[in-house]
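The opening residue of the sequence shown carries number 1 in our numbering; numbering runs sequentially from there. From the three backbone atoms N, C-alpha and C, an ideal C-beta is built for every residue, glycine too. Treat the numbers as computed from the prediction; the structure is a model and nothing was measured. Notes to accompany the following structure.
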Amino acid sequence: ERRDRYEWALLHAALDRGIPILGICRGFQLLNVYFGGTLHQDLAAYYSGEIPHFSAHLGREALVHEVLLPEGTFLRQCYGTERLWVNSLHHQGVEILAPEFLPAAVSREGLVEGFQHLTAENVIGVQWHPEMMTERYPVHRNLFRFFVEKAKKYRALPGPYPVPTAPGSRC
């Protein structure tokens with residue numbers, strides 16, 4: 001699919017340049033696959049409905065389940081807590097975590113819902129949608145503050161680097 005090819009190329013270019021990357025939901029899944037991980041295609045079939053990982057009917061900002069934020073991870077540092085309630089709008093999820101990633105958020109059932117790259121500290125991802133919860137649950141703004149700080153540090157580096165565009169785009 002054209003979107004897949006474009007996102008893959010954009011990700012490759014960002015990684016080549018050291019640009020900070022925050023993968024959310026599909027972006028989280030894309031990062032995992034790009035680095036050699038795999039996905040469960042249907043979590044409901046795999047988990048037999050034990051946990052509502054797709055709960056759009058509750059509203060996008062609804063807190064659906066809790067994740068554990070292991071000590072020493074960027075999410076633990078970012079949120080300042082061991083456990084965090086998150087929304088859940090996905091039917092796919094990490095089956096095998098890419099070897100370059102460290103789990104940074106894990107559901108009660110052991111599903112990885114957040115990760116960080118082992119050596120590239122600017123590559124992070126979460127399965128949930130923090131952007132949909134910032135109004136009602138301001139703690140989720142912390143992730144964006146954390147990421148903006150990474151972007152500011154990157155911006156201060158010598159540059160500029162050209163931004164890749166999609167084939168045929170007018171950008």
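(request) With a 10 Å radius around its C-beta and 16 neighbouring C-beta atoms as the bar for buried, classify residue 135 as buried or exposed. (result) exposed
(message) I want to see whether chain C comes within less than 7 Å of residue 157, judged by CB atoms only; does it?
(response) No chain C is part of this structure, which consists of one protein chain only.
(request) For residue 138, name the three-state secondary structure that DSSP assigns. (result) helix
(request) Determine the direct distance from the alpha carbon of residue 156 to that of residue 69, and round the result to whole angstroms. (result) 30 Å
(request) Mind checking which residues open and close the beta strand (DSSP E) that includes residue 83? (result) 83 to 86
(request) Inspect the CB distances between the segment 120 to 128 and the segment 85 to 97 and report whether three or more fall short of 8 Å. (result) yes
(request) Classify residue 156 as helix, strand or coil using the three-state DSSP reduction. (result) coil
(request) Could you name the residues of the same chain whose beta carbon sits closer than 7 Å to that of residue 7, not counting the 5 residues immediately before and after it, in chain order? (result) 30
(request) Look at the alpha carbon of residue 97 and the alpha carbon of residue 2, and state the distance between them as a whole number of angstroms. (result) 25 Å
(request) Determine the DSSP secondary structure at residue 28, reduced to helix, strand or coil. (result) helix
(message) Between 67, 143 and 105, which has its C-alpha nearest residue 132's C-alpha?
(response) 143
(message) What does the alpha-carbon distance come out to for the pair residue 11 and residue 141?
(response) 24 Å
(request) Could you have a look at residue 64 and say whether DSSP puts it in helix, strand or coil? (result) coil
(message) Rounding to the nearest angstrom, what Cα-Cα distance links residue 9 and residue 19 in this structure?
(response) 14 Å
(request) Quick one: residues in its chain with C-beta nearer than 8 Å to the C-beta of residue 82, no 5 flanking neighbours on either side, listed in chain order? (result) 68, 69, 71 and 76
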